[in-house]
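Engineer: What follows is a structure written as structure tokens; I'll ask about it next.
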Amino acid sequence: MNFASQIADKSAGQLPTSTPSQPKYDETRKQHAIIWRGKQHVEYVEKAMPMIADPRDILLKITATTVCGSDLHLYNNTMLDMHDGDILGHEFMGIIEQIGDQVKNLKIGQRVVVAFNIACGFCDFCKREEYSVCDTTNPSKLQGNFMDKKLLHFLVIHI
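Have a look at this one:
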């Protein structure tokens, strides 16, 4: 399933997004993460720390996270677009460590809960508070990367 979905996703192409899809990393600072290695195979590894790359980003120190039913789809390799080394997790909370220059409604030290979906906050869907169907944050024409990179200690979030 995964191999076929990767071929289909690659042939469909990518859509432009309103948010950066890849953060920058500080290779001199490390954190721990749970990564997917293949069907029913995950590992606890050391990874580089993310850095603020956009003035609308925050760096969040993750204090608690959990798995949910959709994580089982990832674990069992029935979700589209899983790659060896992908960091798992998408429901978490934490404390803001750093903020970008354009972040005005959040403060360093503030505790936040992060929902599973990624949304821009500006498109028509987001303006109607229909965040799970945001049409500007998913580069895949087949499926979004909404379940990626949260079972770790730090994360940059684009606000």
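Each residue of the sequence shown is one higher than the one before, starting from 0 at the first, in numbering that gives the first Met the number 0. In this text, a Cβ means the ideal position worked out from N, Cα and C, and glycines have one as well.
How many whole angstroms separate the CB atoms of residue 95 and residue 59, which I take to be in contact at a CB cut-off of 8 Å?
Structural biologist: As a first step, residue 95 is located in the sequence shown; it is residue number 96 there, counting from the start. As a first step, residue 59 is located in the sequence shown; it is residue number 60 there, counting from the start. At roughly 6 Å, the Cβ-Cβ gap stays under 8 Å, so residue 95 and residue 59 are in contact.
Engineer: By DSSP, does residue 72 sit in helix, in strand, or in coil?
Structural biologist: Residue 72 sits at position 73 when you count from the first residue of the sequence shown. Residue 72 falls in the helix class under three-state DSSP.
Engineer: What distance in whole Å lies between the Cβ atoms of residue 92 and residue 112, which are believed to be in contact at a cut-off of 8 Å?
Structural biologist: Working through the sequence shown from its first residue, we reach residue 112 at position 113. Working through the sequence shown from its first residue, we reach residue 92 at position 93. With 8 Å as the limit, residue 112 and residue 92 qualify as a contact, their Cβ atoms being about 5 Å apart.
Engineer: Since residue 126 is in the beta strand (DSSP E), which residue starts that stretch and which ends it?
Structural biologist: In the sequence shown, residue 126 corresponds to position 127, counting from 1. Where residue 126 is concerned, there is no enclosing beta strand (DSSP E), although the alpha helix (DSSP H) it sits in stretches over 123–126.
Engineer: What residues are listed by DSSP as bridge partners for residue 62?
Structural biologist: Translated into the one-based positions of the sequence shown, residue 62 becomes position 63. In the DSSP output, where bridge partners are listed per residue, residue 62 has none listed.
Engineer: Residue 150 to residue 73, Cα distance in whole Å?
Structural biologist: Your numbering for residue 150 matches position 151 in the sequence shown. Your numbering for residue 73 matches position 74 in the sequence shown. Reliability of the predicted coordinates at residue 150 is poor, the pLDDT of 45 falling under 50, and no value is obtained from them.
Engineer: Within 10 Å of its beta-carbon, does residue 135 have 16 or more other beta-carbons around it, so buried, or fewer, so exposed?
Structural biologist: In the sequence shown, residue 135 corresponds to position 136, counting from 1. So residue 135 ends up on the buried side.
Engineer: State the beta-bridge partners of residue 92 as determined by DSSP.
Structural biologist: Here residue 92 corresponds to residue number 93 of the sequence shown, with the count starting at 1. According to DSSP, residue 92 bridges with 63 and 112.
Engineer: Within this structure, are the beta carbons of residue 85 and residue 54 separated by less than 7 Å?
Structural biologist: As a position in the sequence shown, residue 85 is number 86, starting the count at 1. As a position in the sequence shown, residue 54 is number 55, starting the count at 1. Result no, Cβ atoms of residue 85 and residue 54 do not sit closer than 7 Å.
Engineer: Measure the C-alpha to C-alpha separation of residue 43 and residue 33 and round it to an integer number of angstroms.
Structural biologist: Position 44 of the sequence shown holds residue 43. Position 34 of the sequence shown holds residue 33. Straight-line Cα distance between these residues: approximately 5 Å.
Engineer: I'd like to know whether the C-beta atoms of residue 132 and residue 124 end up nearer to each other than 7 Å.
Structural biologist: As a first step, residue 132 must be located in the sequence shown, where it is residue number 133. As a first step, residue 124 must be located in the sequence shown, where it is residue number 125. Yes.
Engineer: When DSSP labels each residue in this structure, what does residue 102 get in the three-state scheme?
Structural biologist: Looking up residue 102 in the sequence shown gives position 103. Coil, per DSSP.
Engineer: Whose C-beta lies closer than 8 Å to the C-beta of residue 106 among residues of the same chain, with five residues either side of it excluded?
Structural biologist: Against the sequence shown, residue 106 aligns to sequence position 107. Hits under 8 Å: 95 and 98.
Engineer: Apply the 10 Å Cβ neighbour rule to residue 71 and answer buried if 16 or more other Cβ atoms are within range, or exposed otherwise.
Structural biologist: For this step, residue 71 is matched to residue 72 along the sequence shown. The residue in question, residue 71, is exposed, as its Cβ has fewer than 16 Cβ neighbours within 10 Å.
Engineer: Starting from residue 48, follow the beta strand (DSSP E) in both directions and report where the run begins and ends.
Structural biologist: For the purposes of this step, residue 48 is identified with residue 49 of the sequence shown, where counting begins at 1. Where residue 48 is concerned, the enclosing beta strand (DSSP E) stretches over 40–50.
Engineer: Where does residue 40 land, buried or exposed, given buried means 16+ other C-beta within 10 angstroms?
Structural biologist: Position 41 of the sequence shown holds residue 40. Label assigned to residue 40: exposed.
Engineer: Within 10 Å of its beta-carbon, does residue 108 have 16 or more other beta-carbons around it, so buried, or fewer, so exposed?
Structural biologist: Walking along the sequence shown from the start, residue 108 turns up at place 109. Label assigned to residue 108: exposed.
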